[in-house]
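Student:
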Amino acid sequence: MMKVTHDISLFCPVARALECVGDSWTLLILRDAMHGARRFDEFQRGLGIASSMLTRRLERMVSDELLEKRCYQQHPPRHEYHLTAKGQDLAPVILMLYRWGEHHLPIEANGFYLIDRQTREPVDPILYDRHHQRPLAPGDVRLAPGPDATPAVHARVERMHAAFDRGGISDSQPTMATAAGQTADAASDSIND
């Protein structure tokens, strides 16, 4: 996993987030925890991961406060791993990865699909801006320097804005916003609430 050392990366929430959850095993453990896995053997069986690797990942996730370790048996000691609020806040990331994988990496078999827990109807997660009450597409947002931004951060933001203005974001992005707008009525119950 990468280490955040560059001063610009230190300011970037994406780089900091990847330092915490930037490997596939961590995201897959989170996915399974969000679907009810709690015990070591449930994670191991569901993921096919080696015991030593799973042990290291679970320990790191507890240390990073994504999971909380709870004893459910004293003799011999046995533990469950429960999502913390910090871990639960990654649900939108997992859902958007699901949507991205389904759209960009499809396979013929339909082994899984997302449904609403109560209605059992299929769902299509979207990115939603709570402040402006609308779906968001990547072309709708830009980075801006924060109050503590260094000159290097300001320079990087300026370079990113110039690239964006030259067309660094694909023209296909508005179609994503339009498609997302079709489900805007359901957005108040979206993954961001």
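Start counting the sequence shown at -4; every next residue gets the next number (this note's numbering). Where a beta carbon is used, it is the ideal one built from N, C-alpha and C, also for glycine. Since the model is a prediction, treat every value here as computed from it, not as a measurement.
1) Could you check if leucine 62 is buried or exposed, using at least 16 other CB atoms within 10 Å of its CB as the buried criterion?
2) Flag this pair as yes or no: are the beta carbons of leucine 78 and alanine 28 separated by less than 8 Å?
3) What are the boundary residues of the alpha helix (DSSP H) that includes histidine 98?
4) Using a Cβ-Cβ cut-off of 7 Å (strictly less than) and excluding sequence neighbours within five positions of methionine 91, which residues of its own chain qualify?
5) Please state the DSSP three-state secondary structure of histidine 149.
6) Looking only at its own chain, which residues have a Cβ that is under 7 Å from the Cβ of glutamate 75, when we skip the five neighbours before and after it?
7) So, helix, strand or coil for proline 130, using DSSP?
8) Do three or more CB pairs link the segment 13 to 31 to the segment 94 to 111 at distances below 8 Å?
9) If you compare alpha carbons, which of Glu153, Leu22 and Ala139 is closest to leucine 53?
10) Let me make sure I understand the geometry here. Which of Tyr93, Thr114, Ala12 and Gln113 has the alpha-carbon closest to that of glycine 106?
11) Taking the beta carbon of alanine 12 as the centre, do at least 16 other beta carbons fall within 10 Å, making it buried, or is it exposed?
12) Once you ignore the five residues that flank leucine 109 on each side, which residues in its own chain have a CB closer than 6 Å to its CB?
13) Between the alpha carbons of glycine 150 and glutamate 116, how many angstroms are there, rounded?
14) DSSP puts leucine 23 in a beta bridge; with which residues?
15) Would you kindly work out how many angstroms separate the C-alpha atoms of valine 136 and proline 142, rounded to a whole number?
16) When the Cα atoms are used, what is the spatial distance from isoleucine 89 to aspartate 18?
17) Is there at least one Cβ from chain C nearer than 8 Å to histidine 127's Cβ?
18) Can you have a look at valine 16 and say buried or exposed, based on whether 16 or more other CB atoms are within 10 angstroms of its CB?
Tutor: In this structure, then:
1) buried
2) yes
3) 86 to 99
4) Excluding sequence neighbours, methionine 91 sits near Pro120 and Leu122.
5) Three-state result, histidine 149: helix.
6) Arg33, Arg34, Arg65 and Tyr67
7) DSSP places proline 130 in strand when its eight states are reduced to three.
8) no
9) Leu22
10) Tyr93
11) exposed
12) Val118
13) Strictly speaking, residue 150 in this sequence is alanine, with glycine absent from that position. Whole-angstrom Cα-Cα distance: 47 Å.
14) Answer is none; leucine 23 lacks a bridge partner.
15) About 18 Å.
16) Straight through space, the alpha carbons of aspartate 18 and isoleucine 89 are spaced by roughly 13 Å.
17) The structure shown contains no chain C; it holds only a single protein chain.
18) Looking at its Cβ environment, which holds 16 or more other Cβ atoms inside 10 Å, valine 16 is buried.
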